[in-house]
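Notes follow the structure.
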Amino acid sequence: EDIPLPELDRIVKYHIVQNPWSKNQLRSLDVFGWIDPKDLTNNEPRGYKRETLLLDKNRKYGIKGEFRNFRNYISIVDTLSSPWIRNEATDSRKYAPIFFKEYFDIYELSSSDYEFYFNRPIESPADMYYVGAKVIGDEVFAENGFVYKIDRVVEPLKNAYQIMATKEGPNSYKDFLDFINSFPEFVYDDRKTMLQPGASEGLAVDSLFDLSYPNLTFNINRERTKAPAGTYGLPENVSIRYHHGLIAPTDAAFNAFVNEYLVGGSRWGSLRNAPQHIKRIIANTYMSINPIYPSDLSKGYYNGELDIVKLDQSEIVQKEYGSNTTFIGVKNAIIPRAFKSVTGPIYLQRGYSRVMNAIELAGLLPALKRQGQNYMLFVESDESLRLDSSLVYDEARNRFSAFMITPGSYQEFGMTQSDLRNLLMNHIGLDQAKGLARKEFIPNMAGNYLIVDNVTGEVRGTDFTTKGYGGSQIVQEIPKPISNNADNGTTYEINNWFSFSSTDLYTRISTNYPRFHNIMRTAGL
């Protein structure tokens, strides 16, 4: 009787599931409807969540706008900190998970994965669990549905936003939540606005907005979940099958990470000053399109940046099964692969921002951060590129070009995504020089070769290196390493891009070495 009535209302509604489901039906549903053992595309009960009657109220958010780097950005802030308010239209009622043996078998999970989040073991393979409660006996038929007896009261699950916003307990995730809230997008929803009571009669009602996080792996506020990218042919609502995963650092862990990787020296100075795609990488490093279980922590799982993450359970300070995600709080940050690989010196220092933006536009980051590689990556600094204009970035239009400079004139050449990709891939050696031979030929990612002179230290492409874009002055390029801390190779700075000839061997010999070519002809070769 001491529990407030609104809270009792929430608890009761969370115990009522939409539609009458028999016990057999609860164990045999997917997004396409009832499974059919004879249908190869719909023969496994992957749908394990059900929609309850609990609907959260529309949430109010304070917002703050900022014009930065030729773009407008908004952030979610406390409603007391901003006069600008956005009312989010809640997208769905809460979903509740129902666990059974077939679900664990399909996803190669074990009963210990359930125990990890709900602090109770699964006693028998025949058992069924509604969230953290065990279903006792069979369903009881009623005129308008089924009644199930469970062994404990279930508290409504929170979504990812609600978990991090909760101020209960010893751990705080406020700094990470504030960081996530720098990615929102609000879109006015006229239909939901006009469906409010009194709207059609002309009464003043709140304007309702749909809140999304388009650059992040999933929407931490949204009760409905989405399918992984590249999944086709599914119905609009796939929430009964799909669940997400979130690992969040505590405030202390997140601030320690920012101070180590973004503050000081030639780095960005602060998280706020870092480019948007670096922020995106950091945020998605902690997210997964799929739920995260202990089985995944030991063998590794893919995060939102498609990096394989493994986590020691001793790092965990909190664990919770949410309504739209599994949630794990950790006491130490997860370091993005982009910061630990050969791209680390480029992404973490201000002096290589043009190349960093080129890597992003060319889509080469996944290749450059691969584990188990031993790359040689050669790049020009921003200062060098300003001098020779061989790679110019128009930030307002997100466009690259190159300038061919001749005495008294210049000519601009636009660079397509394919041009950027070829330029960069030609400067990614697939192995390190061994230093044993006088000259070594290292294959690069573009299918050409880098020539390493171990006597002079010069590195060049298959043609002589020239100064500037399409220049005529031949220069000797001796790279200098800018980092040897990467776990998949070494990054080098060069002052001029390498050059590569496209002629075949026959043309090269017959044109440049006519006497030797005649000897080959005489020899019948």
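Residue numbers (my numbering): 22 to 546. Ideal Cβ positions, reconstructed from N, Cα and C, are used throughout, including at glycine.
What residue does the alpha helix (DSSP H) around residue i start on, and which one ends it?
| i | result |
| --- | --- |
| residue 314 | No alpha helix (DSSP H) holds residue 314; DSSP gives it neither H nor E. |
| residue 387 | 386-389 |
| residue 186 | 181-186 |
| residue 407 | 403-409 |
| residue 9 | The requested residue 9 does not occur in the structure, where the chain is confined to residues 22 to 546. |
| residue 123 | 122-127 |
| residue 196 | 195-201 |
| residue 460 | Careful: residue 460 lies outside any alpha helix (DSSP H), inside the beta strand (DSSP E) at 460-464. |
I need the boundaries of the beta strand (DSSP E) containing residue i, first residue and last residue.
| i | result |
| --- | --- |
| residue 303 | Not the beta strand (DSSP E): residue 303 falls in the alpha helix (DSSP H), residues 297-306. |
| residue 265 | 265-270 |
| residue 33 | Counting along the chain, residue 33 falls outside any beta strand (DSSP E), though it belongs to the alpha helix (DSSP H) covering 26-35. |
| residue 504 | 501-504 |
| residue 539 | Residue 539 -> not in any beta strand (DSSP E); alpha helix (DSSP H) instead, spanning 535-543. |
| residue 424 | 420-427 |
| residue 213 | Counting along the chain, residue 213 falls outside any beta strand (DSSP E), though it belongs to the alpha helix (DSSP H) covering 211-215. |
| residue 415 | 413-415 |
| residue 89 | 80-89 |
| residue 167 | 166-171 |
| residue 162 | 154-163 |
State the Cα-Cα distance for the pair residue i and residue j, rounded to the nearest angstrom.
| i | j | result |
| --- | --- | --- |
| residue 142 | residue 134 | 9 Å |
| residue 510 | residue 360 | 13 Å |
| residue 336 | residue 270 | 10 Å |
| residue 105 | residue 165 | 46 Å |
| residue 525 | residue 401 | 28 Å |
| residue 406 | residue 394 | 28 Å |
| residue 253 | residue 127 | 20 Å |
| residue 396 | residue 313 | 31 Å |
| residue 79 | residue 193 | 24 Å |
| residue 438 | residue 387 | 16 Å |
| residue 155 | residue 149 | 6 Å |
| residue 103 | residue 151 | 41 Å |
| residue 478 | residue 281 | 33 Å |
| residue 491 | residue 323 | 42 Å |
| residue 93 | residue 300 | 16 Å |
| residue 225 | residue 136 | 49 Å |
Are residue i and residue j touching if we call contact CB-CB under 8 Å?
| i | j | result |
| --- | --- | --- |
| residue 268 | residue 307 | yes |
| residue 75 | residue 146 | no |
| residue 297 | residue 315 | no |
| residue 249 | residue 310 | yes |
| residue 424 | residue 519 | no |
| residue 139 | residue 153 | yes |
| residue 182 | residue 108 | no |
| residue 245 | residue 113 | yes |
| residue 488 | residue 480 | no |
| residue 344 | residue 170 | no |
| residue 261 | residue 52 | yes |
| residue 414 | residue 443 | no |
| residue 498 | residue 517 | yes |
| residue 27 | residue 50 | no |
| residue 119 | residue 47 | yes |
Would you identify the three-state DSSP class for residue i, choosing helix, strand or coil?
| i | result |
| --- | --- |
| residue 370 | coil |
| residue 281 | helix |
| residue 394 | coil |
| residue 234 | coil |
| residue 339 | strand |
| residue 352 | coil |
| residue 288 | coil |
| residue 521 | coil |
| residue 107 | strand |
| residue 334 | helix |
| residue 102 | helix |
| residue 359 | helix |
| residue 531 | helix |
| residue 434 | strand |
For the stretch 59-67 against the stretch 143-162, are there 3 or more C-beta pairs whose distance is under 8 Å?
The answer is no - the stretch 143-162 does not touch the stretch 59-67, with fewer than three Cβ pairs under 8 Å.
For the stretch 474-491 against the stretch 337-344, do three or more pairs of beta-carbon atoms, one drawn from each stretch, fall closer than 8 Å, so that the two count as touching? Too few Cβ pairs lie closer than 8 Å, so no.
For this session: Assess, as a yes-or-no matter, whether the stretch 358-376 is touched by the stretch 454-468 under the definition of 3 or more beta carbon pairs within less than 8 Å.
Result: Contact check between the stretch 454-468 and the stretch 358-376: fewer than three CB pairs, one atom from each, fall below 8 Å, which does not count as touching.
Practice prompt. Could you tell me whether the stretch 37-52 touches the stretch 66-73, using the rule of 3 or more Cβ pairs below 8 Å?
Written response: Touching, yes.
Would the stretch 446-455 count as touching the stretch 406-417 if we require 3 or more Cβ pairs under 8 Å?
By the Cβ test, the stretch 446-455 is not in contact with the stretch 406-417, since fewer than three Cβ pairs between them sit closer than 8 Å.
inquiry  = Taking contact to mean 3 or more Cβ pairs, one atom from each stretch, closer than 8 Å, check whether the stretch 91-99 and the stretch 199-207 are in contact.
reply    = The stretch 91-99, when compared against the stretch 199-207, does touch it at the 8 Å Cβ threshold.
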